[in-house]
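Q: Residue numbers (the numbering used here): 1148 to 1337.
Below is one structure. I have some questions about it.
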């Protein structure tokens, strides 16, 4: 069986998107062994005049593997930056919530969880509308929520029904629509 450097390079590149830098380096090294064997073994049928091509293929694989490790390292760096940013938001004493255009809550800081008397896993499994509106005006609340996204980075105010200490309480919330790439998010401060 012949192992081609291009196929294993594609595999290493895909692994760089899901594995850590060390794991990518280990897999690149593991894949390098059969590649060297298949290109340099007397059984492979390589002739001496093909040695420059073999060297070029090995160099290409080594450079590609190095790039895969760099991609994995870059991904880890930005994941750490994102985690640090969430930690900063978590320590802000003002209640903050981040939701998407569908109303799915993606993040809530400690202050928000404390006011809503819930945990982050519970709050992120809840929809924005079921958390902050009652049955009588839910349709109007959803319509207003969606209109905030159309306001193109203007601060809007939403009237929210917050259940704090077991009692419903009306709060005025400041909402900041944010567009990142093609995704739209709403940061709610209440």
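A virtual CB, placed ideally from N, CA and C, is assigned to each residue, including glycine.
Being a predicted model, the structure only gives us computed values, none of them experimental.
(1) Locate the beta strand (DSSP E) running through residue 1296, then write down its first and last residues.
(2) Between residue 1272 and chain C, is there a C-beta pair that is closer than 8 Å?
(3) Tell whether a beta-carbon distance below 8 Å holds between residue 1224 and residue 1250.
(4) Can residue 1278 and residue 1259 be called in contact, C-beta distance under 8 Å?
(5) Tell me the start and end of each unbroken alpha helix (DSSP H) in the stretch 1150-1229 that is at least 4 residues and wholly inside, in chain order.
(6) Can you have a look at residue 1325 and say buried or exposed, based on whether 16 or more other CB atoms are within 10 angstroms of its CB?
(7) Mind reading off the beta-carbon distance from residue 1253 to residue 1245? Whole number of angstroms is fine, and I expect it under 8 Å.
(8) Can you pull the DSSP bridge partners for residue 1310?
(9) Whole angstroms is fine: what's the gap from residue 1155's alpha carbon to residue 1229's?
(10) Check residue 1327 in the structure and name its three-state DSSP category.
(11) Whose C-beta lies closer than 8 Å to the C-beta of residue 1183 among residues of the same chain, with five residues either side of it excluded?
(12) Taking DSSP as the reference, what is the three-state secondary structure of residue 1279?
(13) Do you know whose CA, among 1201, 1177, 1334, lies nearest residue 1188's CA?
A: Checking against the coordinates, here is how it stands:
(1) For the purposes of this step, residue 1296 is identified with residue 149 of the chain shown, where counting begins at 1. Where residue 1296 is concerned, there is no enclosing beta strand (DSSP E), although the alpha helix (DSSP H) around it starts and stops at 1285-1297.
(2) The chain inventory of the structure shown lacks chain C, comprising one protein chain alone.
(3) As a first step, residue 1224 is located in the chain shown; it is residue number 77 there, counting from the start. As a first step, residue 1250 is located in the chain shown; it is residue number 103 there, counting from the start. No; because the gap between Cβ atoms is not below 8 Å, this pair is not in contact.
(4) In the chain shown, residue 1278 corresponds to position 131, counting from 1. In the chain shown, residue 1259 corresponds to position 112, counting from 1. For residue 1278 and residue 1259, no; Cβs fall outside 8 Å.
(5) Counting only runs that start and end inside the stretch 1150-1229, the alpha helix (DSSP H) elements of at least 4 residues fall at 1152-1165, 1168-1187.
(6) The residue you call residue 1325 lines up with position 178 of the chain shown. Exposed is the call here.
(7) As a first step, residue 1253 must be located in the chain shown, where it is residue number 106. As a first step, residue 1245 must be located in the chain shown, where it is residue number 98. By a beta-carbon distance limit of 8 Å, residue 1253 contacts residue 1245. Their separation comes to about 5 Å.
(8) Here the question's residue 1310 lines up with position 163 in the chain shown. Partner(s): 1315.
(9) The residue labelled residue 1155 in the question sits at position 8 within the chain shown. The residue labelled residue 1229 in the question sits at position 82 within the chain shown. Approximately 31 Å, taken between the alpha carbons.
(10) Walking along the chain shown from the start, residue 1327 turns up at place 180. Residue 1327: strand per DSSP, three-state reduction.
(11) For this step, residue 1183 is matched to residue 36 along the chain shown. These residues qualify, in order along the chain: 1205.
(12) Translated into positions along the chain shown, residue 1279 becomes position 132. Looking at residue 1279 - three-state DSSP - the assignment turns out to be helix.
(13) As a working mapping, residue 1188 is identified with position 41 in the chain shown. Of the candidates 1201, 1177, 1334, the one whose C-alpha sits nearest the C-alpha of residue 1188 is 1201.
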